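Notes for the one structure printed next.
Residue numbers (the numbering used here), protein chains in the order written: chain A, 532 to 638; chain B, 532 to 638.
Set out below in structure tokens:
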């Protein structure tokens with residue numbers, strides 16, 4: 532069934548301290564609306580899910596496959612399956628992460 | 532291979548008059564950064580791909596499965612496979628649409 536979703540009404544999940552997500556699971560993919568507090572870090576990790584990170588506001592330093600870039604609005608990051616990545620919020624940030632397949636570990 | 536993508540450097544594709552997209556294809560999904568000009572309409576259509584529309588700025592009237600809602604930032608719309616949907620830009624809009632599997636027709 533289709534859904535019009537007010538993100539504010541979704542529960543917020545702490546991924547790691549300072550990184551909070553509101554999550555939509557569709558069956559085939561997961562869409563994560565993530566806020567990160569300035570100075571917070573997401574340690575290096577990898578997963579078999581494909582991921583695209585889209586920067587909506589703020590600056591997020593991302594290290595992907597050994598390359599580090601400060602990412603700003605108007606940038607997207609394509610992270611293939613099993614590529615190591617980490618992040619550090621240079622400022623408060625809002626990003627939309629999409630994953631395929633679904634992140635069962637985020638349910 | 533991972534990619535840090537500057538969306539402005541991607542070619543812009545006209546989906547229908549007034550709706551333009553910059554597209555990222557990952558293998559398993561397509562992420563479309565879409566701008567819609569005020570007053571433009573995307574006629575009713577459906578596809579087997581799952582879709583989530585995320586409103587970043589502006590107001591987009593969406594009709595999904597016979598239900599019409601004016602969607603604003605902070606809203607996401609979950610459109611399952613083969614559900615009829617259409618859109619009308621009430622104002623200039625920026626939305627991020629994600630699809631699974633990839634939209635081969637957008638390549």
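Glycine included, every Cβ here is placed at the ideal spot set by N, Cα and C. As the structure is a computational prediction, the values presented were derived from the model and not from experiment.
(request) Take residue 635 of chain A as the anchor and find which of A:610, A:559, A:541 and A:543 has the nearest alpha-carbon. (result) Mapped onto the first chain, residue 635 of chain A falls at position 104. Answer by Cα proximity: A:559.
(request) Assign residue 589 of chain B to one of two classes, buried (16 or more other C-beta atoms within 10 Å of its C-beta) or exposed (fewer than that). (result) Residue mapping note: residue 589 of chain B aligns to position 58 of the second chain, counting from 1. With 16 or more Cβ atoms within 10 Å of its Cβ, residue 589 of chain B is classed as buried.
(message) Closest to residue 641 of chain B by C-alpha separation, out of A:548, A:583 and A:567, would be which residue?
(response) As shown, chain B starts at 532 and ends at 638. That puts residue 641 of chain B outside it, with no answer to give.
(message) Quick check on residue 543 of chain B: does DSSP put it in helix, strand or coil?
(response) Residue 543 of chain B sits at position 12 when you count from the first residue of the second chain. Residue 543 of chain B falls in the coil class under three-state DSSP.
(message) Give me the chain B residues within the contact set of residue 548 of chain A, using Cβ-Cβ distance strictly less than 9 Å, ordered along the chain.
(response) In the first chain, the residue the question calls residue 548 of chain A occupies position 17. Those within 9 Å of residue 548 of chain A in chain B number zero; the least Cβ separation is about 24 Å.
(request) Give the interface partners of residue 573 of chain B over in chain A, defined as CB-CB distance under 7 Å, in chain order. (result) Residue mapping note: residue 573 of chain B aligns to position 42 of the second chain, counting from 1. Under the 7 Å cutoff, chain A gives no residues; its nearest Cβ is about 16 Å from residue 573 of chain B.
(message) Using a Cβ distance threshold of 8 Å, determine whether the region 538-553 of chain A contacts the region 564-578 of chain A, with at least three qualifying pairs required.
(response) Remark: three or more beta-carbon pairs, one from each stretch, lie closer than 8 Å, so the region 538-553 of chain A and the region 564-578 of chain A are flagged as touching.
(request) Give the straight-line distance between the Cα atoms of residue 615 of chain B and residue 570 of chain A, rounded to the nearest whole angstrom. (result) To locate residue 615 of chain B, count along the second chain from 1; it is residue 84. To locate residue 570 of chain A, count along the first chain from 1; it is residue 39. Taking the straight line from one Cα to the other gives about 43 Å.
(request) Apply the 10 Å Cβ neighbour rule to residue 613 of chain A and answer buried if 16 or more other Cβ atoms are within range, or exposed otherwise. (result) Against the first chain, residue 613 of chain A aligns to sequence position 82. With a 10 Å radius around the Cβ and a threshold of 16 neighbouring Cβ atoms, residue 613 of chain A comes out exposed.
(message) For chain B, check one thing: does any of its Cβ atoms lie closer than 8 Å to the Cβ of residue 566 of chain A?
(response) Taking the first chain and counting its residues from 1, one reaches residue 566 of chain A at position 35. Taking Cβ atoms only, chain B never reaches closer than 8 Å to residue 566 of chain A, which makes this a no.
(request) Check the C-beta distance from residue 637 of chain B over to residue 544 of chain B and give it rounded, since I have them as a contact under 8 Å. (result) Within the second chain, residue 637 of chain B is the residue found at index 106, counting from 1. Within the second chain, residue 544 of chain B is the residue found at index 13, counting from 1. That belief holds up - the Cβ atoms of residue 637 of chain B and residue 544 of chain B are roughly 7 Å apart, short of 8 Å.
(message) Would residue 626 of chain B pass as an interface residue toward chain A - the criterion being a Cβ-Cβ separation below 8 Å?
(response) Here the question's residue 626 of chain B lines up with position 95 in the second chain. No, residue 626 of chain B does not count as interfacial toward chain A.
(message) Whole angstroms are fine: how far does the CA of residue 593 of chain A sit from the CA of residue 605 of chain B?
(response) By 1-based counting over the second chain, the position of residue 605 of chain B is 74. By 1-based counting over the first chain, the position of residue 593 of chain A is 62. Our two residues, residue 605 of chain B and residue 593 of chain A, have alpha carbons roughly 24 Å apart in a direct line.
(request) Ignoring anything shorter than 3 residues or poking outside the region 581-612 of chain A, list the beta strand (DSSP E) runs there in chain order. (result) Within the region 581-612 of chain A, the complete beta strand (DSSP E) runs of at least 3 residues are 581-588, 591-595, 598-602 and 606-610.
(request) Note down, in chain order, every chain A residue with its Cβ under 9 Å from the Cβ of residue 551 of chain B. (result) Here residue 551 of chain B corresponds to residue number 20 of the second chain, with the count starting at 1. Ordered by position in chain A, no residue passes the 9 Å Cβ test against residue 551 of chain B, which lies about 15 Å from the chain.
(message) Does any residue of chain A have a CB that is nearer than 8 Å to the CB of residue 538 of chain B?
(response) Numbered from 1 along the second chain, position 7 holds the residue referred to as residue 538 of chain B. Output row for residue 538 of chain B: interface = yes.
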